[in-house]
Every structure is written in structure tokens, then in C-alpha cells.
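Colleague: No gaps in the numbering here: position 100 of the sequence shown is 99 in numbering that gives the first Met the number 0, and each next residue is one more.
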Amino acid sequence: MDMTKGKPYKVIIAFAILLMIGNIFQQLYSMVDTMVVGRFIGTNALAAVGATSPVVQLLIGLIVGLTGGLSVVVAQKFGAGAKKLTRKSIINGLYLTIAISIIITVLGLLLNRALFELINTAEDIIDGALVYSSILFIGAITTAIYNYEVAVLRAFGNSFIPLVFLIISSVLNVVLDIFFVVSLGLGIAGVGIATVLAQFISCILCYFYMRKSFDVLTFEKDDYKLDMSLIKEQIRVGMPMAFFQSLLSISFLFVQSALNTLGNNEVAAYTAAYKMDTLMLQILSAFGTSISTFTAQNYGSNDFDRVKQGAKSCLKITITISIITALIVYFFGETFMILFVGKDESEVIRLGIQYVRFTSCFYIILGVNFVIRFVLTGVGQAIVPLGVGILEVFIRALAAYYLIYPLGFTGMTYTNPLCWGVSTLLIALTYPTLLNKSFNKKYQRLVENYS
């Protein structure tokens with residue numbers, strides 16, 4: 000999809016709808032894992048999988064953030080019509096992706112036990128958490144390459160094919176989960192193996208599709224050379240987004256540490272409830288990714304007015320979606336919780352409903368956050384996510400000690416809305432200045448080139 004043409008709101012919605020469906024299917028990975036664990040292994044196993052989330056995301060989050068940042072550079076080159084630079088950006092981005100994924104595997108396997116002990120993981124669930132996280136770290140390179148392939152496709156304005164591969168991955172994950180856990184009785188290990196194997200198969204299929212379908216991906220020998228100027232540009236844009244994701248995970252480590260002291264019921268309730276939270280947020284983030292690609296392509300083609308038009312349209316759409324998702328969560332929260340635990344787990348269900356109903360009231364704030372943050376990312380202002388991530392580390396650390404420890408699970412429900420509110424206020428205040436700074440910088444570069 001060439002997002003430099005057509006009415007902004009139409010191309011943003013068209014791109015985001017498929018992306019939104021894709022994001023939902025992507026969440027089925029962790030949702031199915033959680034459902035199978037909670038239903039067929041038990042509450043303690045569910046708590047063990049939940050305890051891995053901040054530890055795994057601390058490192059795997061680097062991959063998600065990095066590939067998202069690298070795709071911005073690809074989208075800018077593609078929007079400018081620079082085919083050779085687009086190809087070279089893709090290759091050099093792949094080099095970075097592979098290097099980071101290898102580092103993540105090594106660090107993950109070396110540090111996961113220490114991190115679980117640091118966040119007060121209970122002795123009766125730590126072994127399960129180690130098994131699950133170790134398998135995911137071993138499969139980090141598959142996760143990295145798959146996410147990068149999907150990010151490149153989206154940089155070209157293609158959100159349909161990523162959806163197809165996400166559906167394939169999700170279906171494979173469901174089948175493999177049932178096979179490894181229910182049929183073979185591999186427990187938590189089976190859930191991890193199913194996730195990595197499903198992503199590996201999708202990674203291979205996506206590679207062959209891309210090579211066959213895109214002329215721009217017909218690489219020449221010169222494209223494979225390491226280009227330090229491109230590497231620096233990609234690091235400048237990609238690494239702040241990567242660190243943002245990891246900083247978010249560091250902030251969640253404080254929360255998880257406090258949560259782990261409350262008991263297995265509270266950990267299990269948060270694990271299940273946060274899956275619904277995350278599922279709803281994927282709908283909002285689809286529009287964030289859509290406006291990022293829209294912004295990057297139009298910024299690359301020097302259409303600054305169109306960038307502003309797209310941002311306004313996306314903001315209106317996102318506010319509407321936020322209200323709808325909040326209503327869905329409020330009325331279907333109990334039904335969703337029962338998917339993960341049996342009806343007899345009344346305390347787990349009660350706590351989970353308490354969490355999702357409160358946090359859903361603040362989705363509108365997070366929706367605004369996504370639009371502003373991703374517009375700035377699309378014009379190359381990648382330092383913003385890094386600043387937001389640092390801020391959220393401090394907020395969640397304070398929330399853990401001043402809300403969760405004294406108030407228990409009730410304090411847990413206040414933490415995310417507090418973070419969303421403060422970070423949204425920060426980026427909203429800096430948005431006009433940073434956006435105009437990017438436009439002026441690009442305009443000055445155009446004048447210098449013309450002269």
C-alpha cells in the first residue's frame with residue numbers, strides 16, 4: 000500500500016484493520032499457552048508462566064522494539080522511492096536483528112534464574128518459570144527474524160500478508176500446544192516448544208513469500224555489504240525503541256516483584272486478566288503502527304501537511320476505538336476469565352474482573368499515547384520512546400512500593416493507569432515542538448540539496 004496517496008483516514012483504517020486482526024491473532028500465542036496451562040496443568044503452573052512475562056519481555060522486548068524501529072527506516076526509504084537504499088536498509092537491518100537475538104539468547108539463559116529470584120518468585124513455581132523462559136530464549140533468533148520479516152512487510156504498507164502468517168502461526172500454536180501438553184504430557188515445556196516451533200514454521204513461509212512476491216527484494220551483490228552509515232541510522236531509530244520495550248519490562252519487574260509477595264491466586268489472576276488487557280491494547284496499537292508507517296512514508300516523500308492530517312484523523316479513530324474496547328472489557332470480563340481458570344476458582348476470577356474493569360476505563364489515554372508516540376517515531380524522533388520508558392520505570396517502581404505493597408491487589412489495578420496518564424501528558428506536551436523540529440530539519444536538508 001502506497002500511503003502517500005488517497006484520503007489519510009481511509010488508508011490508515013484500511014492498513015490498521017488487517018493489522019488489528021493480526022495483532023489479535025498474535026496474542027493468541029500467549030493466550031492459548033495460558034489457557035492450556037491453566038486448564039490442563041493447574042493454577043501454580045499458570046502462575047509460573049505469568050511470572051516469566053517481565054523477565055522474558057525484558058530481553059525479547061528488545062527484538063520487538065528493534066524491528067519496529069528498523070521498519071521505520073525501511074518505510075522512509077521506500078516512501079522516497081529509493082529502491083537500492085531500501086534493499087540495503089533491509090539487509091543491514093537483518094544483520095542488526097541477528098546480532099541482537101544472539102546476545103539475547105546468551106543473556107537470557109545466563110540471567111533468568113537470578114532475575115526470577117530478584118523479583119521474589121515463589122519456590123513452588125520457579126522451576127516451571129525457568130523451563131518456559133529458557134525455551135523462549137533458545138528460540139529468540141526465530142522470534143527476531145519472524146518479527147523483522149513482518150515489520151518489513153508493514154513498512155511497504157502490506158498488512159494483509161502479515162495477517163495471513165499470524166493466523167497460520169496461531170493455528171499451529173493451538174494444535175502444537177494440545178499435542179505437546181495434552182497428548183505427550185510435556186507440561187510447561189510443551190507450551191514453550193509449541194510457541195517456538197510455530198514461529199519457526201511461519202518464519203520460513205514468510206521468507207519464501209517475500210522473495211517470490213517483491214521485486215524490491217531481488218538483492219544484488221553490493222546490497223549485502225555492511226553500510227555503516229545505514230547501520231548508524233538504524234541504531235539511532237531502532238535502539239531507542241528497543242530500549243523502550245526493555246525499560247517497560249524493567250518497570251514491570253518491580254510490579255511483578257511486589258505481586259509475587261501477595262500469593263499465587265493474585266499472580267494467577269493478574270496473569271489471566273492481563274491477557275485480556277493486552278488483547279484489547281493490540282487493537283489500539285494497530286492504529287499506532289498504522290500511523291507510524293503512514294507518517295514514515297509521507298515524511299520520506301516530504302508531504303508534511305499530510306502527516307499532520309493523518310495524525311488528526313488517527314486520533315479521532317483511536318478515541319472511538321478506546322471507548323468501544325472499554326465497553327467490551329467491562330461486559331465480557333467474567334466470560335474471558337473463565338477461559339483461563341475453572342469456575343471453582345472464584346477468588347482468581349473476582350480479582351481478575353476487578354483489574355480489567357478498572358484499567359479499561361483508561362484505554363482512551365493509552366490510545367492518545369500510541370498515536371502521538373508513533374507519529375514522532377515515524378518522523379525519526381525515536382528518543383521519545385526512550386524517555387517515556389525511563390519515566391515508566393520510576394513510576395512503576397514507586398507504584399510497587401507505595402500502592403501494591405500497602406494496598407495489595409487493589410494497588411496493582413491502579414499502577415498501569417497511573418503510568419499511562421503521566422507518560423501521555425509528557426509526550427503530549429513535547430509533541431508540537433519535536434514534530435516541527437523534524438519538519439524543519441528535513442526542509443533545511445532539502446534546501447541544501449537543491450542549492
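Yeah, the Cβ is synthetic: ideal placement off N, Cα and C, and Gly gets one too.
Given the structure is predicted, the values throughout are model-derived calculations rather than measurements.
If you draw a straight line from the alpha carbon of Ser359 to that of Asn172, how long is it in whole angstroms?
Modeller: 28 angstroms
Colleague: From what residue to what residue does the alpha helix (DSSP H) around Leu129 run?
Modeller: Glu122 to Ile137
Colleague: Quick check on DSSP: helix, strand or coil for Ile234?
Modeller: helix
Colleague: Does the region 124-132 come within contact of the region 70-83, defined as at least 3 CB pairs closer than 8 angstroms?
Modeller: The region 124-132 makes no contact with the region 70-83, as fewer than three CB pairs between them are under 8 angstroms.
Colleague: At which residue ranges does the region 364-410 contain complete alpha helix (DSSP H) runs of 4 or more residues, listed in the order of the chain?
Modeller: 382-398
Colleague: Is it buried or exposed for Ala98, if we count other Cβ within 10 angstroms and need 16 for buried?
Modeller: exposed
Colleague: Using DSSP with H/G/I as helix, E/B as strand and the rest coil, what is Ile118?
Modeller: coil
Colleague: Does the distance from the CB of Tyr8 to the CB of Ile389 come in under 8 angstroms?
Modeller: no
Colleague: In angstroms with no decimal places, state the Cα-to-Cα distance between Glu333 and Thr409.
Modeller: 18 angstroms
Colleague: For Ala197, which three-state DSSP category applies?
Modeller: helix
Colleague: Using three-state DSSP, classify Asp176 as helix, strand or coil.
Modeller: helix
Colleague: With a threshold of 16 other CB atoms inside 10 Å of the CB of Asp304, please say whether the residue is buried or exposed.
Modeller: With fewer than 16 other CB atoms across the displayed protein chains lying within 10 angstroms of its CB, Asp304 is exposed.
Colleague: Counting Cβ pairs, one atom from each stretch, are 3 or more of them under 8 angstroms apart for the region 89-96 and the region 143-158?
Modeller: yes
Colleague: Would you kindly report the start and end of the unbroken alpha helix (DSSP H) that includes Lys274?
Modeller: Start and end: Asn263 to Gly299.
Colleague: If we call anything under 8 angstroms between Cβ atoms a contact, is Gly138 one with Val195?
Modeller: yes
Colleague: Quick check on DSSP: helix, strand or coil for Asp302?
Modeller: coil
Colleague: Is the beta carbon of Phe199 sitting closer than 8 angstroms to the one on Thr141?
Modeller: yes
Colleague: Quick one: residues in its chain with C-beta nearer than 6 angstroms to the C-beta of Phe136, no 5 flanking neighbours on either side, listed in chain order?
Modeller: Thr104, Gly107 and Leu108
Colleague: Is the beta carbon of Val387 sitting closer than 8 angstroms to the one on Leu434?
Modeller: no
Colleague: Which residue's Cα is closest to the Cα of Tyr400: Gln308, Asn264, Ile20 and Thr260?
Modeller: Thr260
Colleague: Mind checking whether Tyr269 and Leu280 have CB atoms under 8 angstroms apart?
Modeller: no
Colleague: Which residues bound the alpha helix (DSSP H) around Gly351?
Modeller: Segment Ser345 to Thr358, the alpha helix (DSSP H) holding Gly351.
Colleague: Between Met240 and Thr376, how many whole angstroms is the CB-CB distance? I'm expecting something under 8 angstroms.
Modeller: 7 angstroms
Colleague: For Leu152, which residues of its own chain have a beta-carbon under 6 angstroms away from its beta-carbon, when the five flanking residues on both sides are left out?
Modeller: Closer than 6 angstroms at the Cβ level, and outside the excluded window around Leu152, lie Ile160 and Pro161.
Colleague: In whole angstroms, what is the alpha-carbon distance linking Gly451 and Met2?
Modeller: The structure shown has nothing for residue 451, since the chain only spans 0 to 450.
Colleague: Where Asp176 and Ile282 are concerned, what is the direct C-alpha to C-alpha distance, given to the nearest angstrom?
Modeller: 25 angstroms
Colleague: Going by the CB atoms, is the gap between Phe361 and Thr412 shorter than 8 angstroms?
Modeller: no
Colleague: How many Å lie between Ile426 and Ile118 at the Cα?
Modeller: When rounded, the distance between both Cα atoms is 30 angstroms.
Colleague: Roughly how many angstroms separate the alpha carbons of Ala530 and Asn415, rounded to a whole number?
Modeller: Nothing about residue 530 can be reported from this structure: the residues present for the chain run from 0 to 450 only.
Colleague: Helix, strand or coil for Gly156? Go by DSSP, reduced to three states.
Modeller: coil
Colleague: Met227: buried (16+ other C-beta within 10 angstroms of its C-beta) or exposed?
Modeller: exposed
Colleague: Could you name the residues of the same chain whose beta carbon sits closer than 6 angstroms to that of Ile364, not counting the 5 residues immediately before and after it, in chain order?
Modeller: Trp419, Gly420 and Thr423
Colleague: Looking at Gly191 and Ile101, is the spacing between their C-beta atoms short of 8 angstroms?
Modeller: no
Colleague: Which word fits Gly184, buried or exposed, when buried means at least 16 other C-beta atoms lie within 10 angstroms of its C-beta?
Modeller: It is exposed - the Cβ of Gly184 has fewer than 16 other Cβ atoms within 10 Å.
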